[in-house]
Each structure stands twice: as structure tokens, then as C-alpha cells.
Amino acid sequence: MIELPVVPVEQKQRKPDWLRVKLPVGKEYAHVRSLVDTHKLHTICESGNCPNMGECWGAGTATFMILGNICTRSCSFCAVATGRPLAVDTDEPNRVANSVKLMQVKHCVITSVDRDDLKDGGSIIWAETINAIRRESPETTLETLLPDFRGQWDNLARVLETRPEVVSHNLETVRRLTKEVRIQAKYDRSLEALKQVSAAGLRTKSGIMLGLGEKEEDVLEAMDDLLEAGVHILTLGQYLQPTRSHHPVIDWIHPDQFAFYKQIGLDKGFRYVESGPLVRSSYHAEKHLFEI
1 MIELPVVPVE QKQRKPDWLR VKLPVGKEYA HVRSLVDTHK LHTICESGNC PNMGECWGAG
61 TATFMILGNI CTRSCSFCAV ATGRPLAVDT DEPNRVANSV KLMQVKHCVI TSVDRDDLKD
121 GGSIIWAETI NAIRRESPET TLETLLPDFR GQWDNLARVL ETRPEVVSHN LETVRRLTKE
181 VRIQAKYDRS LEALKQVSAA GLRTKSGIML GLGEKEEDVL EAMDDLLEAG VHILTLGQYL
241 QPTRSHHPVI DWIHPDQFAF YKQIGLDKGF RYVESGPLVR SSYHAEKHLF EI
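Counting in UniProt numbering, the sequence shown runs from 1 upward without gaps.
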């Protein structure tokens, strides 16, 4: 196996040049920016300070987070607050659908916090949100970035019944690092969730962060596991540490290594691979609507 360069963090504390981001510009971006500000709309693109916000908004893609902003899990990579979530907002599906309509979103990505406090895992709000968007914006295509619903597959099935164009669940990291990176998650449970999505005949997508201390063989093993689970689309991006209290960045992965992983993934059989330092789950999401 060809070994391509990584940059150990201890040798270079500053972010490498390849992680620099251009300021968002363009007519379409400016239009969406104006709508977001005027109507006080909420997107995870903005609140998460995504490096690809300008490019995605310019392509008519936006990502919304539902079920609040407090998660019941405490993954070491994630900046979302952990604690006891607020009560479910039953009007949220209508508000999200109105936002999508106002923003004239062509391809809408929806994600959520984990709601392990709810018997349905939040799946009812998930299904209602998808249906509300379809009523208000029937031409808008949808990608859902789902939690694992703690392995309660009837809750996952409730969302799958709405038939989103793409269904995603992120593996996040390799098997060897799952216990330290995703404390309350399980590697095999995530694979089973993806198997359920694929078995339902839906475009199936997953993502992995790199730079957490994984080895090349770990990444290739994860690719094989995802393909066996029926995943069609894979995203690979550089992990960035949100705060000093989160999991540290172990390596800065060189763009050549990302290009290597992309080619390997395509050779192995993924239909689409997004692989690069700035790639995030919804990057180029509008391009993942191929026939299956």
C-alpha cells in the first residue's frame, strides 16, 4: 500500500494552508444570506460555521437541524451541547418547511441531535418535517442525516417510509476509535442502521472524519464494512477540534491522501466518494441523486 503524507499536529500546531477557506460570494449566496437574516431562519450551515456554506448556498443546498440544539449524547468530537433537551416543538415541521420555501432551497438536508430521551427517538417529528417540506416545496429533493435511534428499528422505519431521496447515517470514525470518539454509539449498530436503509431501496450514505488517530488500514476496513452494509455514497473529511475540551486533532491529512482514499473507494465499489480536507456530510449533497 502506498503511504502518502500526513502532518502530525505536534510538528505543526497551525492549520495547514490547504484548510484555508475563501469568503463566500455570488448572487445566489447573497440572496440566501438576505433571506436568512431577514426572516431569522436557522441553518446548521451558519451555526456550525461550515467552510462550504457559500458554495452550498450558491448551489441551492442548505442544511437544517431539528429537534432542538441539546443532544442526549456526549461524543468527544461534537460541539453540540449535551444535556437534558427541551420539550419537542410540535410546530417545528411547519417552521422548517416555511424556511425551505422562503429560501427556495432546491436540495434540503435535514439533521438532528440524538433524542434518546424520547420513546420514538424523535422519529415522529422527523417524518412530519419531511412531509411538511414536500407539501410546501414539492420540487425540493431531500437528504436526511439520521441518528441510529438506539437500534429501535421501528423508529428508523417510520422515517424511511417517507422515502427521502438520500438517507445518511455517519459512521464518523473507524472501528478501533469508536469507543473514545462516539462514547454512546456502537460501530456495528451504525452499520446495521445503514443496512436497514439500503434494504429499503434508498440511496444510502455515510461519512468518516479523518485525523483522529486512525491508520490507513483502519480506513480501508471501514470502507469494506460500509460497502457490505450497502452504502452507495461515502464522504471523507478532516476532523477539526471545536474546543480544547474536545478530542484533539492527531494528524492533518494531506490532500494527496484524501485523493488516494477517493480513488480506492471508487475502485472498491462506492457509487460516489467526496474526499477532501474541507468535505463535510452535506458537501455536494445535490450531486448524490443518481439512479440506484
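The C-beta atom is built at its ideal place from N, Cα and C for all residues, glycine as well.
Check                                                                                                               : Outcome
Sufficient close CB pairs (3 or more, under 8 Å) joining the segment 186-201 to the segment 147-163                 : yes
Sequence-distant residues of the same chain with beta carbon closer than 8 Å to residue 264, five excluded per side : 220 and 223
DSSP-derived helix/strand/coil call for residue 250                                                                 : coil
DSSP state of residue 273 mapped onto helix, strand, coil                                                           : strand
Burial state of residue 182 (16 or more Cβ within 10 Å)                                                             : buried
Stretch-stretch touch, CB-based, cutoff 8 Å, three pairs: the segment 174-181 with the segment 132-140              : no
Nearest neighbour of residue 195, chosen from 218, 169 and 117 [CA to CA]                                           : 169
Reference residue 239; option with closest CA among 233, 227, 226 and 254                                           : 254
Rounded distance between the beta-carbons of residue 97 and residue 127, thought under 8 Å                          : Going by Cβ atoms, the distance from residue 127 to residue 97 rounds to 13 Å, so no, they are not a contact pair.
Between the CA atoms of residue 79 and residue 208 - distance to the nearest angstrom                               : 16 Å
Closest by C-alpha distance to residue 226, when choosing among 280, 284, 120 and 192                               : 192
Of the residues 122, 149, 145 and 165, the one placed nearest residue 134, counting alpha carbons only              : 165
C-beta atoms of residue 241 and residue 249 nearer than 9 Å                                                         : yes
Residue 122 (DSSP reduced to helix, strand or coil)                                                                 : coil
Residue 111 vs residue 149 beta-carbon contact at 9 Å                                                               : no
Alpha carbon of residue 309 to alpha carbon of residue 268, nearest angstrom                                        : Past the edges of the chain, shown from 1 to 292, lies residue 309, and the structure says nothing about it.
Cutoff 6 Å; reference residue 288; Cβ partners in own chain excluding five residues on either side                  : 166, 233 and 272
Check whether residue 66 and residue 93 have beta carbons under 9 Å apart                                           : yes
With 16 other Cβ atoms within 10 Å as the buried cut-off, status of residue 235                                     : buried
Proximal residues to residue 117 (C-beta, below 8 Å), its chain only, five neighbours per side dropped              : 72, 84 and 85
Beta-carbon proximity list for residue 270, same chain, < 6 Å, skipping 5 on both sides                             : 234
Terminal residues of the alpha helix (DSSP H) in which residue 178 lies                                             : 178-181
Own chain, CB closer than 6 Å to residue 61, minus 5 neighbours either side, in chain order                         : 107, 285 and 286
Residues bridged to residue 64 (per DSSP)                                                                           : 110
Residues bridged to residue 81 [DSSP beta-bridge criterion]                                                         : 70
Buried versus exposed call for residue 217 [16 or more other C-beta atoms within 10 Å across all chains shown]      : exposed
Three-state secondary structure assigned by DSSP to residue 266                                                     : helix
Counterpart residues of residue 145 in DSSP-defined beta bridges                                                    : 111 and 168
Short Cβ contact (9 Å threshold) for residue 123 with residue 156                                                   : yes
Segment limits, alpha helix (DSSP H) that includes residue 196                                                      : 187-199
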